[in-house]
Amino acid sequence: MRVCLAYTGGLTPRVGGGPASVINNIVKHTCGRVRYVLLTLYREDELEEVSRLYPRGVDIEYVKFSGSVFKDFLNYLLKELCDVDVVHFHDFPLGRDLPLAFKMALGGLPLIYSHHISLEEFISNRFLLGYYYSCLNFFGRLFRRVVTNSDFIVRNDLSRFKSLRGKICVVRNGVDVGFIRGIKPLRLDGDPSIVFVGHLVYRKGVDILLRSFRILCSRVDFDPRLHVVGSGLLERWCRKFVSGHDLDGRVRFWGSVDELLKFRILKGADILVLPSRYENLPIVLLEGMAAGKAIVATRVGGVGEVFKHGVNGLLVAPSSMEVAEALRIMCENRDLVEEYGRNNERAALDFDWKKIAEFYVRLYQMV
Numbered sequence: 528m529r530v531c532l533a534y535t536g537g538l539t540p541r542v543g544g545g546p547a548s549v550i551n552n553i554v555k556h557t558c559g560r561v562r563y564v565l566l567t568l569y570r571e572d573e574l575e576e577v578s579r580l581y582p583r584g585v586d587i588e589y590v591k592f593s594g595s596v597f598k599d600f601l602n603y604l605l606k607e608l609c610d611v612d613v614v615h616f617h618d619f620p621l622g623r624d625l626p627l628a629f630k631m632a633l634g635g636l637p638l639i640y641s642h643h644i645s646l647e648e649f650i651s652n653r654f655l656l657g658y659y660y661s662c663l664n665f666f667g668r669l670f671r672r673v674v675t676n677s678d679f680i681v682r683n684d685l686s687r688f689k690s691l692r693g694k695i696c697v698v699r700n701g702v703d704v705g706f707i708r709g710i711k712p713l714r715l716d717g718d719p720s721i722v723f724v725g726h727l728v729y730r731k732g733v734d735i736l737l738r739s740f741r742i743l744c745s746r747v748d749f750d751p752r753l754h755v756v757g758s759g760l761l762e763r764w765c766r767k768f769v770s771g772h773d774l775d776g777r778v779r780f781w782g783s784v785d786e787l788l789k790f791r792i793l794k795g796a797d798i799l800v801l802p803s804r805y806e807n808l809p810i811v812l813l814e815g816m817a818a819g820k821a822i823v824a825t826r827v828g829g830v831g832e833v834f835k836h837g838v839n840g841l842l843v844a845p846s847s848m849e850v851a852e853a854l855r856i857m858c859e860n861r862d863l864v865e866e867y868g869r870n871n872e873r874a875a876l877d878f879d880w881k882k883i884a885e886f887y888v889r890l891y892q893m894v
């Protein structure tokens, strides 16, 4: 069986984020039973990293980005993928890749769509939202199955689209527990060391975190340090906030890093913070659990489906005051931090990719 995994966002987690991480782990844990071809937009800065991340024998196909909508439509329409049995889109093909999905469906290929996030979180323009709804309602009938990672998304997003009903299945995100546990931690400054991993965007709540960290530093006698891993639209604002509130010596920006360094930083931290305003089921939450970290997370989206307050860490509202108070409790109760870390090491086993990958093999066989 040969499966095409298509994602315009990029094939490395550094560029493509959560969907790219899912694609990488699907391939890594099932390539002995399924042959893969990966389809994405051509990005020269990713080529070397892609070759290191994916096993040998996995075919990589690119579509050149021209900058012209009409040319991009043609580039995708003319793209030929030979001897493919199933096509799995990891973002909804409502742009330049829509002609390819339509052509494949007309050719009788079974299509699967993974709904990682609602575009309502990115789009405020009513015209564009109308186009998004129309595409999901009309072209949703092209897909045999629709995969999502949380019950939250089914209730709050997918259930409204009639063309998707009866096709939706929930497959949780996974984490490579053995790989993360085998990584050597990086020694980080801080008593305690606190880490944030994610894109520096409004949705991820990095501004909430920085405000809460400023409050924390004024309330405790310890020497906490914040390590920010990632880049994004708010990076300039974040740096300005840090320098404007005399936090330069307490906050370190690591920028975008590769997977190995990310896990080394995560393993070396005392506390992981997820201050998001919106999430489905964040992969970094599971990565923090596998790394045995105490976690402060916000009570949003599908987080509460896998995270128990007082067991995995502290679950709070996306508020700088509440995040600061949760961090203060962690700082003053190191035994609690260790207890949460041990609980998370055990809990992560339920989301090991070795188990999660089986769902995808059965899904591809079924369609």
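Under my numbering, the residue at position 360 of the sequence shown is numbered 887, and the numbers go up by one with no gaps.
Backbone N, C-alpha and C fix where the C-beta goes; we use that ideal spot for every residue, glycine too.
- For Arg826, the closest C-alpha among the options Ala853, Glu576, Val674 and Arg541 is that of Ala853.
- A straight line joining the alpha-carbon of Leu532 with that of Tyr660 spans about 23 Å.
- Remark: fewer than three beta-carbon pairs, one from each stretch, lie closer than 8 Å, so the segment 753-765 and the segment 864-878 are not flagged as touching.
- Assignment of Arg623 by DSSP, reduced to helix, strand and coil, places it in the coil class.
- Residue state for Glu806 is assigned as coil, using DSSP reduced to three classes.
- Relative to the Cα of Met816, the nearest Cα in the group Val778, Arg873 and Ile721 belongs to Arg873.
- For the 8 Å CB-CB criterion, Arg779 and His754 form a contact.
- With a 10 Å radius around the Cβ and a threshold of 16 neighbouring Cβ atoms, His836 comes out exposed.
- For Glu588, the enclosing beta strand (DSSP E) stretches over residues Asp586 to Val590.
- With a contact defined as Cβ atoms closer than 8 Å, Gly757 and Ser783 qualify at about 6 Å.
- The C-alpha of Ile680 lies about 14 Å from the C-alpha of Lys694.
- Taking all protein chains in view, the Cβ of Cys696 is surrounded by fewer than 16 other Cβ atoms within 10 Å, so the residue is classified as exposed.
- For Tyr640, the pairing in a beta bridge is given by DSSP as Phe616 and Val673.
- Contiguous alpha helix (DSSP H) elements confined to the segment 858-891 occur at 861-874, taking only those with 4 or more residues.
- In the displayed model, Val704 falls within a helix according to three-state DSSP.
- Leaving aside the five residues that flank Lys881 on each side, the residues in its chain whose CB is nearer than 7 Å to its CB run, in chain order, His556.
- When Cβ pairs closer than 8 Å are counted between the two stretches, the segment 669-677 is seen to touch the segment 696-707, the count reaching three or more.
- A direct Cα-to-Cα measurement between Asp612 and Arg730 gives close to 36 Å.
- Rounded to the nearest angstrom, the gap between the Cα atoms of Asp748 and Val838 is 26 Å.
- The three-state secondary structure of His556, taken from DSSP, is helix.
- Assignment of beta-bridge partners to Asp750 by DSSP yields Asp718.
- Closest in alpha carbon position to Leu625, among Val888, Ile644 and Phe597, is Phe597.
- Here Arg583 carries a coil assignment [DSSP, helix/strand/coil].
- In the structure shown, Phe780 falls within a strand segment according to DSSP collapsed to helix, strand and coil.
- Gly657 carries a helical assignment under DSSP once its states are collapsed to helix, strand and coil.
- A distance below 7 Å between beta-carbons, with the five flanking residues on each side excluded, links Phe592 to the following residues of its chain, in chain order: Leu568, Tyr569 and Asp599.
- Straight-line measurement puts the Cα of Asp684 at about 26 Å from the Cα of Leu636.
- Residue pairing from DSSP places Ala824 in a beta bridge opposite Leu801 and Leu842.
- For Phe688, the three-state secondary structure derived from DSSP is coil.
- Around Gly732, the same chain offers Pro802, Ser803, Arg804, Thr825 and Pro845 as residues with beta carbons nearer than 7 Å, after the five sequence neighbours per side are excluded.
- In the structure shown, Tyr563 falls within a strand segment according to DSSP collapsed to helix, strand and coil.
- Rounded to the nearest whole angstrom, the C-alpha separation of Phe723 and Gly717 is 14 Å.
- Under a 10 Å Cβ-count criterion, Phe649 is classified as exposed, with fewer than 16 other Cβ atoms of the shown protein chains found around its own Cβ.
- Look at Phe723 here: in three-state DSSP terms it is strand.
- For the pair Cys662 and Phe688, the Cα-to-Cα distance works out to about 10 Å.
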